[in-house]
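Note sheet for the following structure.
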Amino acid sequence: MIRFILIQNRAGKTRLAKWYTHYDETEKQKLIEDVHALITVRDAKHTNFVEFRDFKVVYRRYAGLFFCFCVDVDDNNLMHLEGIHNFVEVLNEYFHNVCELDLVFNFHKVYSVVDEAFLAGELRETSQQKLLKEINTLNSLE
Amino acid sequence: MDVAMKKVGSKMKTGIDRIFDKTLQDLVRGVRNAKGHEREYILEAVEEIREELKNPKSDVKSVAISKLCFLHMLGYEMGWASFNIIEVMSSTKLTEKRLGYWAASQSFNENTDVLMLSTNLIKKDILKGSEFEASAALGGLSCFMTPDLARDLTDDVLSLMSSTRPHVRKRATLITYKLFYHYPEAMRAVMPRLKEKLEDKDPGVQSAAVNVICELARKNPKQYLLLSPIFMRLMTKSTNNWVLIKIIKLFGCLIPHEPRLGKKIEENLKTLINNTSAMSLLYECINTLIQAKTFAPAGNDNEALIQLCVDKLRILIEDNDQNLKYLGLLSMTRILESHPKIVSQHKDIILDCLDDKDESIRLRALDLISKMVTKSTIMDITAKLLDYVRKTDNAIYRDELVSKMIDMCSQQGFAFIKNFEWYLNVLLDLTKIESKVSYGPKIATQLLEITVRVRTLREYSVAQMSHIVQNLGAISVIFGRNGCIDVIRSAAVICGEFVEFVSDPKNLFLAVMNAEFGHLSVNIAAVMFQNALKILSHGLKDIENDALITDYIALFDKFLAFPNIEIQERASLAVQTLKSASTNFLLRSIHELHDGNVDFFVTLFQLYSLIPRGELKPVGPKAQKKVPLPNGLDLEVLIFEQSDDEEEEPEEEVEPEDDIDDAFNDYYAENNDGPGKASTSDKKLPLGKMRLNDINYLKLDDSSQKSEKPEPETDYQTILSPESDVNTVFGGIGGSEKYLPKKTKKPKKGKKVKKSKKKTTEKVSDPEDEGHVVEIMMDEEMPEGAEDTPVESDEDDDAKRLNIDVSDLLRSTRKTENAGSSDEDDLPSFTKSPSEPAEPTLITGLLPIADNVDVSVYLKFCDRNSLELIVHNKHKSRDISDLEYLSDKRDLPRSAEVAFPFSRTDDIVYKGKLLYTISSKSKSSKEKKLRFEHIITPFFNLTSWKVNDDELVDLIHEKFFEITVEQQYQTELNSLEECLYRFSGCYLVQSAQNGASICGQLVSNEEKFVMLIKINSGLVNVSLKTQSSNTSTTLQAAINSILK
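Protein sequence lines, in the order shown, are assigned to chains A and B. So for the first sequence, UniProt numbering puts the first residue at 1; every next one is plus one. So for the second sequence, UniProt numbering puts the first residue at 1; every next one is plus one.
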């Protein structure tokens, strides 16, 4: 299962942090910093997986943003990689050509997309159409 | 959310309240613009938020909370606002409620005390809220679940799992994992429902259930084996790759616990591997297939499938995508252990990966390569590695390369090395690397080791080493730079130890003595010194001139003032030795003049000299075997006392080595039927000979009881057969085996020793004493420690946490089970003997299932096909009229019982509804309802297998019922009869006053079991014998639940 999801930019600014396991606040900050230190030194010729403490981080870079999933070691790496891509495609569709600023100013919306796509550390919905439909329904209620 | 924020924004603009002057957007923008003084800006904003949270208006609060969430994401504390978050959560507006739950999910944790306040709120939102409110609540709950919340909300989540909206069902299903994690007890209630969800009509809900069960099964695979038929079906039906990956991963977890599963899914996996275009799915299939092949029973080895895996992996490794390359190598490693030959076909491509840009790929490849060397490939591979060592400029990778290279060459006592001169050169090549390395000491040790071990190498080795020592000055500079300085020490030791191969000892000695010691570490210098002395002492044999010795003494003399005490010490030793040598030399000259007795002086001289006399030799791994045993020592003889009756064992009992098949063949031959009619076994045994001393089969006389004294635990463990994992799992608990006498017969040949070890737990009894055994057993004591529960320490915390036995809850219906997991290919079906002298009786009885002030309801198991619902009127003065069950109406007078035919289903949950009217003289009559729901035990769903007591004794053979477990249960049941009724559906073989033996066969896997129950003042002892540990676990859980 997914332990936490982080979206960070190259400078290490958090754009989203969703925790599916309990950590206390200092631990969370430490994790954010450690993941950043681990990921930013890697470049395109490296694999998208890194071992991280007792887990592994599956990450993918989109422009200046790193989308990182910290998952259990025996999880299927490629599945999570596809999960990330699926998620990013939904964001792209939702924000019409998403860029970092969209995420910054609408960070609460990004969280609601995450909450639709994932629940309790598992993929909840994978179909992009369904996801977008559900998110739009929610928005129309507001 | 947006709307709310805009509202606040517009308020602000109208100037009603100037304090609330920031919207979320303003804050975000503000933080971005506040470069350099961000912290001050944020602290100021936090203060504003504090003020805003005091505002009674919910919309103001919610904006404040959303701003706080933003700051929280940047690393600022928001724990102080927990109470305000709860306030926002309880807002009536959906937008605000969602915001509240989101904020809670971000900031709450197990220690958030205000969570206690929210239980009812969450309950309300889950049960009564709209689907969106319920979703928001579940989303929040998934993040801040606590044991308390889990306990209080289990029922509510359970009811949501049956919601009519798939959307909600799906969320509720996913969240069950969090429930279990924090409150494992919830499994008992939720598991049956979760199992249903695997076959939900909505594929999304199905996949949610698959996700949860996968997660659980990864922690405790054994418990979920029963679900494999369902997963099997899902796998064949599903086209959703996300779900397929999870299912296939699940099978990967289950296979080690049930290798036969591998065979079942093999074909499906093969089809998927050949057809899928999704790499993630392909990868998962390959991994599970490897798993299946690794655990496949011996002789069932299908190389073609492994070949398929390896070919596919090659495609992955050849791919340009680094991820695929990495994963391909990872999986290749897993195949390597079981099928090294097939993997080594792809040596070329794996070697190429050593050159990869990504370090993790290189390390994977290296790992793989180092494990796949053979005698013929080692030189090639080492040469390649050496090449990479020279080429790479990454120090960590270089060290890893060398370390793997040395491990690879030295594994299994240098088994793969044919030419040691070559290996020595490889090691020396490694010392020539110019950059700083950390493997110097390792090489030094290797050099020493091979020279000592390999006699033929010594001459060559010494030649090389003396070269190093000769050029100490220049070489020590190089080695000092690249970290191989320890090699010098090895070189010195080798030259000193095998000085006979040194071509010119004197020169070598002078080279050492004239070299600069200053920059060497004291440690190495001291070794050099010592060995210089050894070299010299060898060289001295030829010394004819005493003047030379004086020169040598002078060489050492100068070190007497060396700043290090170790060196001084050795120099002093050398000087003294040489002096005495020279004295002897003089003496010798004098004596030679007198009587020519040279020998005396030579001997004396040698005493002083430091020439090593004993040669260092390696000890062969099989050397111990070649040492003959002293006469009269027999290692097979047991060293403890034996009682007489054990020694009287008939000889034949040692013979039936050939496992269960023989037992079956004998059985069929005896009964003249059954599929195993072709009983080819020559050494057929009379049935009586196979009867074994056992928990259910003891002798009458007292002496046998005495012989049951427990043997020392250690003795038991050393001969414990590795195959019976139940023994290891249960460790010191119960287990009748260790209390029973052991076989004394000495095996004849080496091969037999192994076999007999497996069989040491087999007990043999005197065939004459059969019968009337059960009664005797009743008075037996349970073994000590029988109450201990097994502790599996190697599991991680989550696994322990979730290790609730749910297997009886998972037990499938008859239909699905038979379709799937009952893979009995290797066990011929057991047919009953035609002649049955004493038919065992079916246990039929009452099972209390519901109760209220008026009536108690029992389920009565009448026979295999009929059940009855018994309703008992508890009142002594009131009648019940119109008692209705399934539109069957009766009247029930006071203190009376009535029976309704109860439709038997294959469900494990029996439920229904009773309607009745209760009347009394004083009050008017009143209509009442009683619902009941009961999970029945596996014993209700047994097949019709039964044996009579004579056959039972035969079957209680270690090889038939491999697993024996003894357990003690506390119970409120008083009589044996009451206790026996709980086992309705089993067959009663024999019963006595306080004990009985019972047998039965599970529908689910067609495995048979027998058990012996003894009841004694609130305690029930159960000895359970089953064919597999799974069945044993299932039954133990069932027994535990029914005896409570």
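Every residue gets a Cβ at the ideal spot worked out from N, C-alpha and C, and that includes glycine.
Between the CA atoms of residue j and residue i - distance to the nearest angstrom
i                       : j        : result
A/Gln8                  : B/Ser476 : 51 Å
B/Lys191                : B/Leu842 : Residue identity check: residue 191 of chain B is Met in the sequence provided, not Lys. Those two C-alpha atoms are separated by around 30 Å.
B/Lys913                : B/Lys219 : 38 Å
B/Ala463                : B/Thr456 : 13 Å
B/Ser887                : B/Ser925 : 20 Å
B/Phe861                : B/His182 : 38 Å
A/Ala11                 : A/Glu33  : 11 Å
B/Phe961                : B/Arg233 : 31 Å
B/Leu313                : A/Lys133 : 39 Å
B/Phe70                 : B/Pro256 : 47 Å
A/Asp54                 : B/Leu401 : 25 Å
B/Asp26                 : B/Arg98  : 22 Å
residue 1046 of chain B : B/Ser410 : Beyond the ends of chain B as shown, which are 1 and 1044, falls residue 1046 of chain B; an answer cannot be given.
B/Leu607                : B/Tyr439 : For B/Leu607, the predicted structure reports a pLDDT of 42, less than 50, and the residue's modelled location is therefore unreliable. A value from the coordinates is still provided. Going from the Cα of B/Leu607 to the Cα of B/Tyr439 covers about 39 Å.
B/Ala208                : B/Lys889 : 43 Å
A/Leu131                : B/Leu289 : 33 Å
B/Gln106                : B/Asp367 : 41 Å
B/Glu897                : B/Arg151 : 38 Å
A/Tyr20                 : A/Cys70  : 10 Å
B/Leu216                : B/Asp200 : 19 Å
B/Val853                : B/Glu884 : 17 Å
B/Leu638                : B/Lys625 : 21 Å
A/Leu123                : B/Thr451 : 60 Å
Assumed close pair residue i, residue j - CB separation to whole angstroms, cut-off 8 Å
i         : j         : result
B/Val437  : B/Cys495  : That pair is no contact at about 24 Å.
B/Leu428  : B/Gln446  : No, B/Leu428 and B/Gln446 are not in contact; Cβ-Cβ is about 11 Å, not under 8 Å.
B/Leu1024 : B/Met1011 : 5 Å
A/Phe67   : A/Val88   : 6 Å
Residue nearest to residue i in terms of C-alpha spacing, selected from the options
i        : options                                : result
A/His85  : A/Glu100, A/His22, A/Val58             : A/Val58
B/Tyr423 : B/Tyr439, B/Glu449, B/Ile433           : B/Glu449
B/Glu284 : B/Lys264, B/Leu427, B/Leu250, B/Thr154 : B/Leu250
A/Thr26  : B/Glu500, B/Ser66, B/Lys432, B/Met73   : B/Met73
B/Trp102 : A/Glu100, A/Glu116, A/Glu89, A/Phe95   : A/Glu116
B/Arg453 : B/Gly413, B/Gly100, B/Leu510           : B/Gly413
B/Ala137 : B/Asp356, B/Glu48, B/Asp156            : B/Asp156
B/Arg364 : B/Ala896, B/Gln322, B/Asn84            : B/Gln322
B/Gln568 : B/Ser580, B/Lys579, B/Gln530           : B/Gln530
A/Leu16  : A/Leu65, A/Asp24, A/Phe49, A/His22     : A/Leu65
B/Leu867 : B/Asp879, B/Ser903, B/Lys876, B/Ile315 : B/Ser903
B/Cys999 : B/Gly1018, B/Thr1026, B/Asp59          : B/Thr1026
B/Ile315 : B/Arg188, B/Ile286, B/Arg894           : B/Ile286
Cut-off 8 Å between Cβ atoms - residues of its own chain near residue i, not counting five sequence neighbours on either side
i        : result
B/Val310 : Met332, Ile335, His339, Ile342, Val343, Gln345, His346
B/Ala296 : Pro259, Gly262, Lys263, Asn302
B/Asp202 : Pro166, Arg169, Lys170
B/Ile317 : Leu324, Lys325, Gly328, Leu329, Met332, His346, Ile349, Ile350, Cys353
Cβ neighbours of residue i in the same chain (closer than 7 Å, five flanking residues each side left out)
i        : result
B/Lys246 : Val210, Asn211, Cys214
B/Lys748 : For B/Lys748, the predicted model reports a pLDDT of 43, less than 50, meaning its position is unreliable; a value from the coordinates is still stated below. Within the same chain, B/Lys748 has no close Cβ partners at all.
B/Gly473 : Ala515, Glu516
B/Asp557 : Val575
B/Ile381 : Ile369, Val373
B/Ile49  : Ala64, Lys67, Leu68
B/Met161 : Arg169, Ala172, Thr173, Arg193, Lys197
Close-in-space but distant-in-sequence residues of the same chain around residue i (CB under 6 Å, 5 per side omitted)
i        : result
B/Lys754 : In this prediction, B/Lys754 has a pLDDT of 40, which is less than 50 and means its spatial position is unreliable; what the coordinates show is noted afterwards. Hits under 6 Å: none found.
B/Leu976 : Asn994, Ile1015
B/Val602 : Any reading at B/Val602 needs caution, since the residue's pLDDT is 48, under 50, leaving its predicted position unreliable; the model's value is listed next. None.
B/Asp358 : Gln322
| Which runs of the alpha helix (DSSP H) fall wholly inside the stretch 123-189 of chain B and span at least 4 residues, in chain order? | 131-144, 147-160, 166-182
| message | Suppose only complete runs of 4+ residues qualify. What are the alpha helix (DSSP H) ranges in the stretch 277-304 of chain B, listed by chain order? | response | 279-294
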